[in-house]
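Structure record follows, encoded as structure tokens.
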Amino acid sequence: MPTRRRKLQPAFEFDWRPERRGRRARQRETLTDPLVAALNAQPKEYAMHDYEVQGLYIRVRSSGLKSWYYRPGHKKSLGAKHLGSFPTMSVQAARNEARRAEYELSRGGRLKETSRPSALETVCDAFAAYLSHGSCFRSSEWQSRVRREFDRHFLPTIGDLYLQRMTASQAEAACACRPTYYGTRNLRDILRSFLSWAVETGRITTNVLKGNRSPPRPEPRLRQKVTPSDLGELWRACEVLPINWKWAFRLLIVSGLSMKEVLAARARTTGWSPHIEASLPRGPLVDMILDEMHPNEGDYVFRARGKTGPMTFRQDMLERLREAAFLHPFTPGDITRAARSLVTTSSEPTLSWDDIFPPLPNCEAAVEL
Numbered sequence: 001m002p003t004r005r006r007k008l009q010p011a012f013e014f015d016w017r018p019e020r021r022g023r024r025a026r027q028r029e030t031l032t033d034p035l036v037a038a039l040n041a042q043p044k045e046y047a048m049h050d051y052e053v054q055g056l057y058i059r060v061r062s063s064g065l066k067s068w069y070y071r072p073g074h075k076k077s078l079g080a081k082h083l084g085s086f087p088t089m090s091v092q093a094a095r096n097e098a099r100r101a102e103y104e105l106s107r108g109g110r111l112k113e114t115s116r117p118s119a120l121e122t123v124c125d126a127f128a129a130y131l132s133h134g135s136c137f138r139s140s141e142w143q144s145r146v147r148r149e150f151d152r153h154f155l156p157t158i159g160d161l162y163l164q165r166m167t168a169s170q171a172e173a174a175c176a177c178r179p180t181y182y183g184t185r186n187l188r189d190i191l192r193s194f195l196s197w198a199v200e201t202g203r204i205t206t207n208v209l210k211g212n213r214s215p216p217r218p219e220p221r222l223r224q225k226v227t228p229s230d231l232g233e234l235w236r237a238c239e240v241l242p243i244n245w246k247w248a249f250r251l252l253i254v255s256g257l258s259m260k261e262v263l264a265a266r267a268r269t270t271g272w273s274p275h276i277e278a279s280l281p282r283g284p285l286v287d288m289i290l291d292e293m294h295p296n297e298g299d300y301v302f303r304a305r306g307k308t309g310p311m312t313f314r315q316d317m318l319e320r321l322r323e324a325a326f327l328h329p330f331t332p333g334d335i336t337r338a339a340r341s342l343v344t345t346s347s348e349p350t351l352s353w354d355d356i357f358p359p360l361p362n363c364e365a366a367v368e369l
């Protein structure tokens, strides 16, 4: 009995695919509009497949009608989906529709349900479809944040615009509603992710925010903008704030701590007493503020309303203080540095009333004159 010779395996594999030959071989080309327009009708209909998008092909009938179809390569049993006819639908539009159908199938959709969106779709309608795909977001918390930002900033300004006709200048103007650089950059990232999803689903051809230059970074902010002489103005301006924030900013002025440390200060006794003991540097002004504060039953000096934890910093309170003080823009850190610069000898900075409101020089001489 003759022995079979063992087929030798090559030492490495070639990364090539042989061209299919025979009656059912597919004709593949990188389709373009002039190429599709030049396809002539034959006695028997035939198809021309696209190289760029797997499963996209155009069928040329004997009558001369040219129709676009998409058949998913990994699920051939689903059949083919009719996309449109040429030249009503161009090659690029057919590719976008095929990519959109592929995107819907990858997320569990059905081929017959992947209907083509309207020719002109508003940003509001496209965003509603964007929210329906939970897989586009990292978590439900991120999805709710994106919804909040769209409802607050994007939909009032560009919600009625057609998504296909939105320009880069309109998108940049919608992102520039935040006053800070980092706020604008975060809005730009959210809108750019939405536009990238619209490109993947075939709603638009290009992302207008990709390829453009990002807004330039602002110049670094100069520190120590609050001088020790400005602390008196800030002390008076605290009267416009709610009661708890008034004492919080005044404790920030007289304690030399950061705002985070002031808000997280723990009360060592439960309930309010004439001389409450708190984890704050002791000083005459600190004791005066603690004595004037209302009783608190929590473990923190500044307890959040309805919660057991401390209050968190609010930017709007700082904005109100800036408007009332008529000073240049400053941060809580600038107040802390100005307060610490007054007391340099003590390890725990404690301010006195004369440090904040220094007496005028030669007051008696001025009165005599």
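The working numbering puts the first residue of the sequence shown at 1, with every later residue one more than the last. Yeah, the Cβ is synthetic: ideal placement off N, Cα and C, and Gly gets one too. Note that the coordinates shown come from a computational prediction; the quantities given were computed from them, not determined experimentally.
Close beta carbons around residue i, own chain, < 8 Å, minus the five adjacent residues each side
| i | result |
| --- | --- |
| Q92 | T205 |
| D299 | R266, A267, T270 and T308 |
| S90 | D33 |
| I158 | V123, M166, Q170, A171 and A174 |
| Q27 | Y46, A47, M48 and H49 |
| T345 | Any answer about T345 is weak, because its pLDDT of 46 lies below 50 and its placement is not dependable; what the coordinates show is given next. Result list for T345: empty, nothing under 8 Å. |
Residue(s) in a DSSP beta bridge with residue i
| i | result |
| --- | --- |
| A47 | R59 |
| Y70 | L56 and K81 |
| F137 | None; F137 has no bridge partner. |
| E29 | D50 |
| F86 | K66 |
| T184 | T184 pairs with nothing; no bridge assigned. |
| T122 | Y162 |
Nearest candidate by alpha-carbon position, reference residue i, set the options
| i | options | result |
| --- | --- | --- |
| L195 | L263, A176, T122 and I253 | T122 |
| R188 | A173, W197 and A198 | A173 |
| P34 | H82, Y51, E52 and F86 | F86 |
| V208 | Q170, A126 and T180 | Q170 |
| R100 | L327, E200 and Y181 | E200 |
| P228 | H294, D291 and F357 | F357 |
| A129 | E141, E104 and S139 | E104 |
| R340 | L327, L251 and I243 | L251 |
| F127 | T184, P43, N186 and P156 | P156 |
| A168 | R192, K246, N244 and H82 | R192 |
| G64 | V53, H82, E52 and P43 | P43 |
| R152 | S139, S140 and C177 | C177 |
| P216 | S140, D125, R185 and Y51 | R185 |
| N244 | R314, I190 and W68 | R314 |
Contacting residues, own chain, Cβ-Cβ under 7 Å from residue i (five flanking each side not counted)
| i | result |
| --- | --- |
| A324 | A237 and V240 |
| A248 | V262, L263 and F302 |
| V36 | I58, K66, F86 and V91 |
| N96 | G202 and T205 |
| A11 | Below a pLDDT of 50, predicted positions are generally treated as unreliable, and A11, at 46, falls in that range; no measurement from the model is reported. |
Residue j beta carbon less than 8 Å from that of residue i
| i | j | result |
| --- | --- | --- |
| Y70 | L56 | yes |
| L263 | M311 | yes |
| R59 | A41 | no |
| P329 | R322 | yes |
| Q143 | F150 | no |
| L285 | S352 | yes |
| G84 | A94 | yes |
| L231 | A198 | no |
| L131 | R147 | yes |
| E29 | P72 | no |
| E233 | L318 | no |
| G283 | V254 | yes |
Own chain partners of residue i with C-beta closer than 6 Å, once the 5 adjacent residues on each side are dropped
| i | result |
| --- | --- |
| V226 | F330, D334, I335 and A338 |
| L161 | V123 |
| V53 | R95 and A98 |
| S115 | Model confidence at S115 stands at a pLDDT of 48, short of 50, so the residue's coordinates are unreliable; what they give is reported in the following sentence. Within the same chain, S115 has no close Cβ partners at all. |
Exercise for the section: For the segment 232-265, list the alpha helix (DSSP H) runs that are entirely contained and at least 4 residues long, ordered along the chain. Expected result: Listed in chain order, the alpha helix (DSSP H) runs fully inside the segment 232-265 are 243-255 and 259-263, counting runs of at least 4 residues.
Problem - Contiguous alpha helix (DSSP H) assignments of at least 4 residues, all confined to the segment 294-345 - result: With a minimum length of 4 residues, the continuous alpha helix (DSSP H) runs that stay inside the segment 294-345 are 315-325 and 332-342.
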